[in-house]
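**Student:**
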Amino acid sequence: MKNHNSIKVSYILLVADKISILFKPLQKLTKGSILNMLFRVRPQKSGYFLLFLATCTSFSVFMISYPIVSCISDHKHSLIQINRKFNQRDTFINLSTTTTTTTEELWKQPDGFGYRPCLNFSQNYSSSIISSGNKNRFLMVVVSGGLNQQKNQIIDAVVIARILQATLIVPIFHVNAVWGDESEFSDIFDERNFKETLREDVHILSSLPSTYISKPPVRAPITSNVSEDMVRTLLTKEFNKHTVLLLRRFDSKLSKSLNPDLQKLRCKVAFHALKFKPWIENFGKKLAMRMSGGHPYMALHLRLEKDVWVRTGCLPGLGKDADQVIISERVSHPELLTGRSNNITFRERYMAGLCPLNAAETTRLLKAFGASSNTRIYWAGGTPFGGENALAPIRKQFPHFTNKWALADGNELQHFRNKSSILAALDYIVCINSDVFMANHGGNMARTIQGHRAYFGHKKYITPNKKKLVRLFMDNNNQMNEKEIDDRIKKMHMDSMGSPVLIKTSKSHMDVTAYPAPACMCSSSVSQTSI
């Protein structure tokens, strides 16, 4: 059954692209003096102007209509074929066969090449230990978003405070309308551990001293990808005029490429200073023990929520009606799409590996890695768009598929239904304690868990090669048997199982908290002190 609505959307996008391309030269020309003069034509010359305008209009209609008709004629067949494949993509995935991979292969851990945590700061960094902070510089920060996005901002705030030699006030959590969580820093994180761990790096206070409360903080200017030198130059100038500076909306604005000591400080904050409250840690570990039951288990971070499909510019593949809901939401709120996803169609995004894997695709991938009906699988994430229908392929193949709500006894979690940060923290703890972890799509949580698992022993972390996977699923057309498909999937993921990914100089933009080796880790072949 052809999805004619989807085909219409493609034609509209195609026509819009062509018109935009054709008018670019005209847009540039109107900036020049010739057309400016023509549009200021005097009344007595209006006859010549109308003749000129009529000629231009005829030429434009010909130039626009010819390529559109030509393109639609040339690509109509391929658009229909791609559309049919996209809407029926699950039919190309055979989930009924038994995996040809043994379960032992799933639990096999990657080679960590002897890397272990070590944060050896330079003599210059260590000699400038912060004892009392600068009494004339106080840095306040407001962090926003979900738990892992907040963690990233806290890490940057500590680094910025260190660069400026300023006293950091414990971060303030912004109450976002989406999350609706009024939790504060001390409700989620162990504040004492935060201060104690960083006592030699940054001076930290729980609140602004009373003598400065009457002075409103001045919002600090900060641009995207700001370097250490830029932070020092811009904000030191502000501190020379004001005692208290306020940072907000600075997510991912600090450069990922910093000097070695500041990179180590990032790791120190991420993996040692930001510990959850002891009761949250204990509760999370209790859930992990229930999940295990004395057996290995796998954790999945499934990003299948409605807002994920809308923001990524992708479709869930749950049928025409479900797809239309997402398309309508996207049309109503185009601001939700990123610049990257605004420039290409949803089919192009899917084929480029930019979309979350749905339940059927995730299931087929797990079976290739050796997951069986006996495999215990914990899933973290919000309510999927489509509800239980969206999870049906996974539940059918893996009966031991559960989440925190099913693991909790009685009313253990009822008090936290509106505490998204606590719920996310519990998911995080169960995930990092799993034997294997995989996310069906990237994001802050996936990157944070990736770095955590790497830093504390390179526990298995599977990174799906979505671009190759979707092409394998859609282009196979039953030409390969299931063993051949298993072998292809395993081959394309040989280097995506959690072994150290060493950051090279050419890739210094990569986040050290996601790829901690070698900046924050040492090889066993080198004698270094670890913390």
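Position 385, counted from 1, in the sequence shown is what the UniProt record's numbering calls 385; the numbers after and before it change by one each time, with no gaps.
For every residue, glycine included, the Cβ atom is placed at its ideal position computed from N, Cα and C.
Owing to the predicted nature of the structure, the values given are computational and were not obtained by experimental measurement.
Whose C-beta lies closer than 6 Å to the C-beta of Thr513 among residues of the same chain, with five residues either side of it excluded?
**Tutor:** Arg266, Ala270, Gly451
**Student:** Report the rounded CA-to-CA distance for Ile7 versus Met510, giving the unit in angstroms.
**Tutor:** Because Ile7 sits at a pLDDT of 35, beneath the cut-off of 50, its placement in the model cannot be relied upon, and the following sentence gives the value as read from the coordinates. Distance between the alpha carbons of Ile7 and Met510 is about 38 Å.
**Student:** Just to confirm, is the Cβ distance from Leu246 to Val142 under 9 Å?
**Tutor:** Yes, the Cβ-Cβ distance between Leu246 and Val142 is below 9 Å.
**Student:** Do Asp190 and Phe276 count as a contact pair if the criterion is CB distance below 9 Å?
**Tutor:** yes
**Student:** Look at the Cβ atom of Asp487, then the Cβ atom of Trp107, and state whether they are nearer than 9 Å.
**Tutor:** no
**Student:** What residues match up with Lys108 in a beta bridge as DSSP calls it?
**Tutor:** In the DSSP output, where bridge partners are listed per residue, Lys108 has none listed.
**Student:** Among Arg447, Phe456, Cys118, which has the Cα closest to the Cα of Pro260?
**Tutor:** Cys118
**Student:** Under 6 Å Cβ to Cβ from Ala446, same chain only, skipping five residues before and after it: list those, please.
**Tutor:** So the qualifying residues of the chain are His301, Ala439.
**Student:** According to the Cβ coordinates, are Lys268 and Leu315 closer than 9 Å?
**Tutor:** When the beta-carbon positions are compared, Lys268 and Leu315 stay at least 9 Å from each other.
**Student:** Write down every uninterrupted run of the beta strand (DSSP E) in the stretch 244–287 whose length is 3 residues or greater and which is fully enclosed by it, in chain order.
**Tutor:** 244–248
**Student:** Is the stretch 465–475 close to the stretch 346–359, with three or more CB pairs under 8 Å?
**Tutor:** Flag = yes, the stretch 465–475 and the stretch 346–359 touch.
**Student:** How many whole angstroms separate the CB atoms of residue 532 and Met291, which I take to be in contact at a CB cut-off of 8 Å?
**Tutor:** Past the edges of the chain, shown from 1 to 531, lies residue 532, and the structure says nothing about it.
**Student:** Can you tell which of Ser373, Glu388, Thr243 has the C-alpha that lies nearest to the C-alpha of Leu304?
**Tutor:** Glu388
**Student:** So what does DSSP say about His415, is it helix, strand or coil?
**Tutor:** helix
**Student:** Specify the secondary structure class of Thr529 as computed by DSSP and reduced to three states.
**Tutor:** In this predicted model, Thr529 has a pLDDT of only 37, less than 50, meaning its place in the structure is not dependable; the value taken from the coordinates is given anyway. If DSSP states are grouped into helix, strand and coil, Thr529 belongs with coil.
**Student:** Please work out which residues of its chain come closer than 6 Å, Cβ to Cβ, to His400, disregarding the five sequence neighbours upstream and downstream, and give them in chain order.
**Tutor:** Correct list, in chain order: Arg376.
**Student:** When you compare only the Cα positions, how much space is there between Lys195 and Ala273?
**Tutor:** 8 Å
**Student:** Contact between the stretch 389–397 and the stretch 415–428: three or more CB pairs below 8 Å?
**Tutor:** Verdict: no, contact absent.
**Student:** Identify whether Cys118 lies in helix, strand or coil by the three-state DSSP scheme.
**Tutor:** coil
**Student:** Would you mind reading off the limits of the beta strand (DSSP E) that contains His452?
**Tutor:** No beta strand (DSSP E) holds His452; the alpha helix (DSSP H) holding it covers 444–455.
**Student:** If you draw a straight line from the alpha carbon of Gln324 to that of Arg116, how long is it in whole angstroms?
**Tutor:** 49 Å
**Student:** Would you mind stating whether Val170 and Ile222 have Cβ atoms separated by less than 9 Å?
**Tutor:** no
**Student:** Measuring CA to CA, which of Ser421, Leu168, His441 is closest to Ser207?
**Tutor:** Selection Ser421, Leu168, His441 evaluated against Ser207 yields Leu168 as nearest (Cα-Cα).
**Student:** Counting only the same chain and skipping the five closest in sequence on each side, list residues whose C-beta sits under 6 Å from that of Arg330.
**Tutor:** Val310
**Student:** Output needed for Asn403: all residues of its chain with C-beta closer than 6 Å, excluding positions within five of it in sequence on either side, in chain order.
**Tutor:** Closer than 6 Å at Cβ, skipping near neighbours: Trp379.
**Student:** For Asn374, count neighbouring Cβ atoms within 10 angstroms of its own Cβ and tell me buried if that reaches 16, exposed if not.
**Tutor:** exposed
**Student:** Starting from the C-beta of Met140, find all residues in its chain whose C-beta is less than 6 Å away, skip the five residues before and the five after it, and write them out in chain order.
**Tutor:** Ile169, Pro217, Leu246
**Student:** State the DSSP-derived secondary structure class of Met494, mapped to helix, strand or coil.
**Tutor:** coil
**Student:** Leaving out the 5 sequence neighbours to the left and right, which residues in its chain are closer than 6 Å to Val158 when beta-carbon positions are compared?
**Tutor:** Closer than 6 Å at Cβ, skipping near neighbours: Val202, Val269.
**Student:** Going by the CB atoms, is the gap between Lys215 and Met175 shorter than 9 Å?
**Tutor:** The amino acid occupying residue 175 in the given sequence is Val; Met does not appear at that position. Result no, Cβ atoms of Val175 and Lys215 do not sit closer than 9 Å.
**Student:** Check the DSSP bridge columns for Ile188 and list the partner residues they point to.
**Tutor:** Ile188 is not bridged to any residue.
**Student:** What runs of the alpha helix (DSSP H), each 4 residues or longer, lie entirely inside the stretch 304–392?
**Tutor:** 306–312, 320–332, 339–342, 346–351, 359–369
**Student:** According to DSSP, simplified to helix, strand and coil, what is Val170?
**Tutor:** coil
**Student:** In chain order, what residues of the same chain have a beta carbon less than 6 Å from the beta carbon of Asn358, not counting five sequence neighbours either side?
**Tutor:** Closer than 6 Å at the Cβ level, and outside the excluded window around Asn358, lie Gly317.
**Student:** Pull up the distance between the alpha-carbon of Val470 and that of Glu361, whole angstroms please.
**Tutor:** Rounded to whole angstroms, the gap between the alpha carbons of Val470 and Glu361 is 8 Å.
**Student:** Could you give the distance in angstroms between the alpha-carbon of Ser524 and the alpha-carbon of Ala454?
**Tutor:** 15 Å
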